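Undergrad:
Number of protein chains: 4
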Amino acid sequence: WLFGRLLSGCTLNVGGRRFPFTADLVTHLPLSRLSRLNRCASESELLEFCDDYDRETNELFFDRHSDAFSFIVAYAQHGALRLAPSMCELSFLNELLYWGLDSAELQTCCQRRLDQRMNDCYVHFFPECRFSDYGLYYQKDQYGGRDFGNKCQGWMETIRRTFEEPTSSLAAQVLATLSVIFVIISMVVLCTSTLPDWQSLGAAQQGDRRSHRSVPSGLVESICIGWFTAECTLRFLVSYDKCEFVRRPLNVIDILAIAPYYISVLVSFLTGEDSELQRAGVMLRVLRMMRIFWLIKLARHFLGLQTLGLTLRRCYREMLTLLVFVGVAMAIFSAWAQLLEYGLDPVPEASDWASIPSACWWVIISMTTVGYGDMYPVTVAGRVLGGVCVVSGIVLLALPITFIYHSFVQCYHELKFQSSRDHAGLCSE
Amino acid sequence: WLFGRLLSGCTLNVGGRRFPFTADLVTHLPLSRLSRLNRCASESELLEFCDDYDRETNELFFDRHSDAFSFIVAYAQHGALRLAPSMCELSFLNELLYWGLDSAELQTCCQRRLDQRMNDCYVHFFPECRFSDYGLYYQKDQYGGRDFGNKCQGWMETIRRTFEEPTSSLAAQVLATLSVIFVIISMVVLCTSTLPDWQSLGAAQQGDRRSHRSVPSGLVESICIGWFTAECTLRFLVSYDKCEFVRRPLNVIDILAIAPYYISVLVSFLTGEDSELQRAGVMLRVLRMMRIFWLIKLARHFLGLQTLGLTLRRCYREMLTLLVFVGVAMAIFSAWAQLLEYGLDPVPEASDWASIPSACWWVIISMTTVGYGDMYPVTVAGRVLGGVCVVSGIVLLALPITFIYHSFVQCYHELKFQSSRDHAGLCSE
Amino acid sequence: WLFGRLLSGCTLNVGGRRFPFTADLVTHLPLSRLSRLNRCASESELLEFCDDYDRETNELFFDRHSDAFSFIVAYAQHGALRLAPSMCELSFLNELLYWGLDSAELQTCCQRRLDQRMNDCYVHFFPECRFSDYGLYYQKDQYGGRDFGNKCQGWMETIRRTFEEPTSSLAAQVLATLSVIFVIISMVVLCTSTLPDWQSLGAAQQGDRRSHRSVPSGLVESICIGWFTAECTLRFLVSYDKCEFVRRPLNVIDILAIAPYYISVLVSFLTGEDSELQRAGVMLRVLRMMRIFWLIKLARHFLGLQTLGLTLRRCYREMLTLLVFVGVAMAIFSAWAQLLEYGLDPVPEASDWASIPSACWWVIISMTTVGYGDMYPVTVAGRVLGGVCVVSGIVLLALPITFIYHSFVQCYHELKFQSSRDHAGLCSE
Amino acid sequence: WLFGRLLSGCTLNVGGRRFPFTADLVTHLPLSRLSRLNRCASESELLEFCDDYDRETNELFFDRHSDAFSFIVAYAQHGALRLAPSMCELSFLNELLYWGLDSAELQTCCQRRLDQRMNDCYVHFFPECRFSDYGLYYQKDQYGGRDFGNKCQGWMETIRRTFEEPTSSLAAQVLATLSVIFVIISMVVLCTSTLPDWQSLGAAQQGDRRSHRSVPSGLVESICIGWFTAECTLRFLVSYDKCEFVRRPLNVIDILAIAPYYISVLVSFLTGEDSELQRAGVMLRVLRMMRIFWLIKLARHFLGLQTLGLTLRRCYREMLTLLVFVGVAMAIFSAWAQLLEYGLDPVPEASDWASIPSACWWVIISMTTVGYGDMYPVTVAGRVLGGVCVVSGIVLLALPITFIYHSFVQCYHELKFQSSRDHAGLCSE
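The listed protein sequences correspond, in order, to chains E, G, L and Z.
Quick note, the first sequence lines up with residues 1 to 429 if you use full-length UniProt numbering.
Quick note, the second sequence lines up with residues 1 to 429 if you use full-length UniProt numbering.
Quick note, the third sequence lines up with residues 1 to 429 if you use full-length UniProt numbering.
Quick note, the fourth sequence lines up with residues 1 to 429 if you use full-length UniProt numbering.
1. Could you give the distance in angstroms between the alpha-carbon of residue 430 of chain E and the alpha-carbon of E:Leu308?
2. Per DSSP, what are the beta-bridge partners of G:Pro20 in this structure?
3. Residues of chain G with CB closer than 7 Å to the CB of E:Val395, please, in chain order.
4. With C-beta atoms as the reference, is Z:Gly371 less than 8 Å away from G:Gly371?
5. Give the range of the beta strand (DSSP E) segment to which L:Glu59 is assigned.
6. Can you check which of these residues, L:Trp353, L:Tyr376, L:Gly393, is closest to L:Met367 by C-alpha distance?
7. Please state whether the Cβ-Cβ distance between G:Ser91 and G:Val14 is less than 8 Å.
8. Could you check whether the Cβ of G:Arg18 sits closer than 8 Å to any Cβ belonging to chain E?
9. Could you give the distance in angstroms between the alpha-carbon of G:Pro346 and the alpha-carbon of L:Leu284?
10. Can you tell me whether E:Ile225 is buried or exposed, with buried defined as 16 or more other CB within 10 angstroms of its CB?
11. Return yes when the Cβ of E:Leu12 is within less than 8 Å of the Cβ of E:Leu60, no when it is not.
12. Taking CB distances under 8 Å as the criterion, tell me whether G:Tyr412 reaches chain Z.
13. According to DSSP, is G:Asp254 part of a helix, a strand, or is it coil?
14. With distances taken Cα to Cα, identify the nearest neighbour of residue 452 of chain L among L:Val391, L:Val384, L:Gly327.
15. Kindly say whether E:Gly15, judged by its beta-carbon, lies nearer than 8 Å to any beta-carbon of chain G.
16. Report the residues of the stretch 316-328 of chain E with a CB closer than 7 Å to any CB of chain G, ordered along the chain.
17. For L:Leu178, which option in L:Ala299, L:Leu312, L:Gly382, L:Trp227 has the closest C-alpha, if you only look at C-alpha atoms?
18. Starting from the C-beta of L:Tyr98, find all residues in its chain whose C-beta is less than 8 Å away, skip the five residues before and the five after it, and write them out in chain order.
19. Could you give the first and the last residue of the continuous alpha helix (DSSP H) run that contains L:Tyr240?
20. Name, in chain order, the residues that DSSP records as bridge partners for L:Asp54.
21. Secondary structure at E:Leu323, three-state DSSP: helix, strand or coil?
22. With distances taken between CB atoms, is the gap from Z:Trp294 to Z:Val180 smaller than 8 Å?
23. Pairs of beta-carbons, one from the stretch 330-338 of chain E and one from the stretch 349-359 of chain Z, closer than 8 Å: are there three or more?
24. Closest to E:Thr369 by CA distance: which of E:Glu349, E:Pro377, E:Val390, E:Thr379 is it?
25. If contact means a Cβ-Cβ distance below 8 Å, which residues of the stretch 365-386 of chain L contact chain G?
26. Use the C-beta contact count for L:Ser44: other C-beta atoms within 10 angstroms, 16 or more gives buried, fewer gives exposed.
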């Protein structure tokens with residue numbers, strides 16, 4: 001304590017700049033490193049808290065950023081702690097923590113800027129968090145260091161990499177290309193199978209209109225299903241963590257897209273080819289259409305779709321806002337439109353406007369400025385309401401979308417950056 | 001004065017940096033702290049204006065920011081006062097005020113930047129202003145410190161918090177959830193009551209088409225109304241300032257949404273169930289539809305809707321601009337369209353285009369790019385005008401909306417920040 | 001010369017920082033102030049180029065910004081002149097000019113930033129340029145200082161201010177309000193005069209359908225015209241520069257809006273009330289509709305409309321780009337659409353698509369996403385082209401509009417700033 | 001080595017600021033300039049690595065930026081290398097390279113900022129890269145220095161400049177104007193030739209409807225074709241590199257636009273004027289319509305169109321994303337819409353919805369909010385899907401377009417800057 005008091009007349013040399021060490025400073029910043037200095041009983045204890053001490057000039061040396069310290073001194077004098085504009089926000093935070101302050105003591109506006117900055121940088125400083133955040137790829141960093149003792153595991157690792165990392169080897173690229181081709185083929189078959197000409201051709205070949213599938217399209221379908229099943233099974237077998245595997249969104253979609261085929265085959269088998277069930281089988285047609293979600297498998301290979309997925313995950317709050325806006329506006333405008341166009345009419349004729357739910361269709365088509373023209377107001381009051389509805393629709397829809405844009409741009413840059421780093425890492429191996 | 005003149009050869013030490021104290025400096029900055037220094041008669045008087053004075057080195061010490069002072073010195077020399085880029089704008093303003101200058105002496109562009117910055121930060125530095133600005137929540141900071149002497153007031157305070165702050169306790173959360181559920185139920189009943197099937201069902205039950213309400217929906221309606229009335233009354237009773245309570249927008253909406261039910265019940269009671277009035281009662285239907293505004297009660301619980309409300313309040317000027325743009329464009333285009341499509345036709349047939357107000361409908365539907373297709377120009381001149389109208393509509397509508405976007409983003413961040421702070425405050429209690 | 005050589009070993013003290021004065025520096029910056037220093041023959045000559053010279057320490061003093069000079073020294077050493085980030089760009093330019101360099105020696109990217117900055121600030125530093133730039137208001141600064149010797153001119157000045165500056169006095173505000181009311185009344189009369197009910201009413205009063213004007217609307221029209229004529233004449237009489245007055249856009253619109261009435265009255269007078277000419281008088285109806293442009297007179301009183309006007313003036317280049325984009329896209333898409341929908345059809349039936357100009361109507365309505373539904377492609381090739389046309393329309397139209405937005409925001413802030421300054425100036429008078 | 005060790009106690013003077021030269025510094029930055037200093041055996045060797053050495057004060061002088069070095073010292077101490085905020089990012093990179101570090105050692109966020117900055121500036125620092133990047137103009141800088149020995153080449157150079165640089169001389173401007181006029185004339189002829197009145201006129205003149213070209217339009221067409229052929233041939237003859245010339249996009253368009261005329265003339269000649277082929281000649285009509293691409297020749301003279309071209313080249317990745325988004329959304333929504341509107345209907349009647357490809361037309365027209373109204377869902381499920389489709393269409397389309405906007409703005413500024421520099425260069429010659 002005695003020694004500490006002697007110190008109070010000394011100077012602090014922070015990064016080459018000298019600051020007088022006044023009792024004032026210690027009083028105003030009670031919890032910081034300086035107050036501990038003051039309590040030091042000996043020189044050796046002192047050196048735990050500073051980098052050097054020059055007894056002659058009575059000077060304490062700190063190898064820290066001088067600008068940051070001058071802002072902290074200003075804080076002690078004027079009571080407002082602000083970010084030093086000439087420093088990186090994160091460096092400044094480091095300095096604050098070193099001197100025993102934390103970010104809560106910053107002015108509100110500076111604190112907000114620091115938060116913003118930390119959000120921006122988070123994914124780059126802790127990339128493993130990002131990986132687990134959207135789980136599109138496997139965390140190779142985490143498991144890469146494992147010791148695969150036997151040959152079998154080495155093989156599994158090779159297969160895993162071939163399937164999960166399209167750029168890891170030539171075989172992986174061929175596999176990825178094949179996968180994309182199979183998706184596209186199955187989509188083309190699905191689309192063409194609904195064309196009238198194709199259907200009549202298939203019907204002619206089979207002699208009746210019993211089935212929507214002609215023979216060749218049925219064959220192609222089976223091959224695609226076979227491929228996807230094999231791919232999905234293999235990827236499941238070689239994955240490290242089976243439990244985590246089935247929870248990944250892209251894998252869930254895989255299963256949802258493959259399962260219906262087997263269910264419909266099973267139903268056909270159980271009920272017989274010509275049973276009543278299959279003819280009018282609404283459920284079977286719906287199941288069959290689930291196959292369209294195979295398209296989302298393309299997300300494995302296109303940066304744009306991955307970005308979209310990540311954006312949707314991050315913007316669920318903004319999506320909800322969009323939904324609430326549209327919902328509230330739809331309810332209010334449709335109720336009033338129904339009243340003005342139908343309810344106030346002594347002899348209501350416009351049967352399109354008879355109920356609020358059917359007026360909702362008009363509202364959503366007008367707010368989004370689509371305007372098919374199947375419904376439109378004809379009364380003067382209804383038209384005024386229509387104008388207000390359209391203009392407020394433009395404003396309302398655009399507001400939350402602005403947020404989604406910003407998030408999309410951010411996600412895109414992140415994924416692009418990571419992808420280019422992965423590539424670079426691959427090349428340097 | 002003599003002493004002051006001696007001073008003129010001394011140096012100013014501002015935040016560790018030395019500046020020569022020339023008469024020149026004083027001449028150019030006549031109203032500032034320095035000129036007062038110059039007029040000091042003794043050293044004790046001098047110390048009122050500076051932090052320290054070293055007689056030996058003839059040096060005046062100021063514990064202020066050296067960068068800011070160097071900019072002020074530059075002002076004295078070159079006549080242009082600019083913001084120091086390496087400082088927070090608000091800190092710099094503090095320094096200016098200390099030295100006896102004010103922001104009006106800044107260069108115009110710097111002044112604009114300072115204004116902008118102050119606008120950005122205003123709500124954070126003076127949060128109480130913000131609260132009263134949009135009045136969605138009660139000013140707890142202002143009244144929180146009050147001394148509630150008796151138990152009764154303590155109870156009222158608890159009830160008030162339960163109703164006004166959805167996150168304050170478990171009971172408050174249950175209440176908020178119940179409130180949202182009641183709003184949704186009443187909306188669903190309102191919508192379904194207009195469905196033809198439902199109406200015929202209700203009519204079948206009652207034997208005639210006299211009433212639009214079937215028995216169960218009438219019951220649900222009564223329960224909802226009862227709940228809302230009770231909630232509104234309680235909140236009114238426990239509010240601090242009754243006068244301020246009824247002026248808050250959300251409460252006004254509450255009253256507007258509840259009152260019509262009682263009015264219609266009253267009218268029914270006065271005129272009798274089967275009276276002529278009620279059958280064709282246009283006013284009653286309108287009053288009934290007022291209930292749709294209950295939806296706006298959701299704003300209490302959704303950040304997005306609060307943001308929208310705050311945005312609308314702040315952007316009333318931009319809204320007006322949007323209105324003026326649309327109005328002027330509508331008048332000009334509809335007048336010319338009517339002339340080209342109807343007025344110049346020797347034998348006018350297109351009765352849709354007969355008057356300017358009906359042409360307005362076409363203009364608003366075209367400018368917003370809805371395009372129902374119920375009206376469209378057929379003459380060549382009319383089509384050219386139509387193209388111009390559509391393109392200028394896209395430009396005109398988007399211009400003021402850009403401002404509304406920016407305001408929305410700003411409002412969203414503010415409310416989010418405050419909400420997270422409220423939560424944090426709650427947790428730390 | 002000899003003296004100069006002695007100098008070469010001295011130091012430069014710029015704003016308190018010392019720089020060695022090497023021959024190297026002079027060699028690399030041959031045209032600057034320093035080389036002139038070097039050529040000085042005596043100390044007195046030397047003091048013309050620097051602020052002070054200390055013979056003892058052989059030091060030259062300059063009261064300039066030390067950071068800027070250190071960047072200039074860096075330029076001499078490394079050959080790249082960059083803006084000092086810690087300074088205002090305009091201050092830095094001042095320093096450059098002082099030392100005898102100009103902005104052309106800056107690195108290209110810094111030069112661009114400086115240009116941008118100067119563009120941003122231009123209007124604020126030279127407000128008189130801005131005034132003459134869009135000419136909505138009279139340049140009071142320029143003429144304000146004139147000496148109006150006699151009372152008559154003082155009166156004229158008062159009237160001029162009353163008419164031109166709506167906020168200058170109570171009388172001016174009343175005048176402005178009256179003017180807005182007259183515009184709105186005349187617009188309402190113009191609109192209602194086309195309503196069928198009103199027309200039949202007017203016709204009933206006059207016994208035939210000869211005139212579109214009923215008696216009361218004719219009266220209101222005359223009063224409005226009288227007011228506008230009087231206002232315009234007075235403003236012309238009290239204006240300083242008659243020639244400049246008639247070239248201002250808002251005055252041109254005034255004249256264009258008033259003149260048609262007198263022309264039509266003249267024509268009626270010359271040809272007689274019942275002449276053949278007036279009955280089918282196409283030109284008269286067109287002239288009458290010119291009156292709609294009175295609405296633009298509102299621009300005098302609404303900041304939003306002034307902003308729009310200024311934006312249109314500044315963005316004529318972007319408007320042209322928009323026009324060229326729309327024109328080129330319209331030509332290409334309409335030609336191909338006509339070919340695909342009509343030209344390739346062996347038995348062409350779709351008469352809507354018969355010619356390229358009529359296909360243009362479809363293209364503009366599709367590109368702007370209006371989609372009335374009066375024309376749409378039916379062939380597969382036409383629909384593919386339609387999809388491409390719509391998507392490229394969205395992209396093409398939005399690109400130049402982005403620029404117009406930015407310009408609008410800029411103009412809005414400028415006018416708002418000026419308007420608030422005018423108000424402030426008025427209050428402080 | 002011995003000498004190096006003595007050095008370890010000395011100080012480094014970087015740009016006037018002193019730093020202690022500790023062994024610590026060398027240990028942490030092993031590959032840098034400092035470690036080489038440490039290995040120097042003599043003073044002369046030392047001076048290769050620093051600017052000066054003062055034996056007395058044991059001080060090493062470096063004429064470098066002191067701020068940058070202080071950041072490098074901070075790196076050695078705290079292990080995080082960050083950009084100095086008070087310096088231009090590119091200057092800082094220069095400093096890093098001087099001291100023997102490279103940009104890979106920067107923190108990730110700073111590295112990203114540096115990359116961004118370098119991308120922004122790249123085109124300005126290496127203008128020749130930009131030229132070859134989009135190849136609209138010839139690289140005059142590259143070839144400008146060539147020695148054209150004989151007069152013939154001088155002439156060719158003059159002609160080349162006249163054609164390729166519209167602003168280079170009066171003749172060039174006349175040529176450019178003529179070229180634009182010819183393009184516009186040929187477009188007008190092409191458009192009017194499809195007008196019914198014009199066709200009947202032409203048919204009347206020729207006595208039958210054999211040809212779509214009337215005599216005068218045929219003549220104008222031949223003149224235009226002649227002009228374009230001559231221009232294209234001349235420009236080919238005087239170009240330096242014939243191979244590069246035919247690969248430039250604008251020249252490819254030229255050839256594609258001219259060739260069809262000669263092919264059709266050739267076909268007419270071979271098959272005879274009245275042959276069956278020409279009458280129904282679908283291919284000939286398609287070839288004829290290729291002429292519309294002459295419009296793209298205007299890109300030579302309009303900055304806006306050049307910007308568009310450059311944007312499309314740079315944004316091919318974003319365009320692809322847009323395509324993938326639209327494609328995936330179209331497939332999913334059209335499949336489900338077909339199912340809901342047609343597939344689930346026991347007695348399908350809506351023949352518009354019979355196949356997925358025809359439902360695609362509805363999806364693209366709805367997602368872009370055009371909404372012609374030729375197809376719209378009528379079932380409740382279909383309408384819900386329609387609402388989702390429209391809202392997601394608005395979001396999906398806008399996301400990649402945001403990127404295209406930013407790129408367009410960037411391209412526009414670059415081309416404008418270059419164009420103004422070219423003009424300035426021309427004037428100063």
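For glycine and all other residues, C-beta sits at the position ideal for the given N, C-alpha and C.
It should be emphasised that the depicted structure is a prediction, and the values quoted were computed from it without experimental measurement.
TA: A quick look at the data gives this:
1. Outside the shown range of chain E, which is 1 to 429, sits residue 430 of chain E, and nothing can be said about it.
2. G:Thr11
3. Ile401, Ile404
4. yes
5. 59-62
6. L:Gly393
7. no
8. no
9. 14 Å
10. buried
11. yes
12. no
13. helix
14. A question about residue 452 of chain L goes unanswered here, because the residues of chain L that appear run from 1 up to 429.
15. no
16. Thr321, Val324, Phe325, Val328
17. L:Trp227
18. Arg33, Arg64
19. First-last for L:Tyr240: undefined, no H or E at that position.
20. L:Glu59
21. helix
22. no
23. no
24. E:Val390
25. Ile365, Thr368, Thr369, Val370, Gly371, Tyr372, Gly373, Asp374
26. exposed
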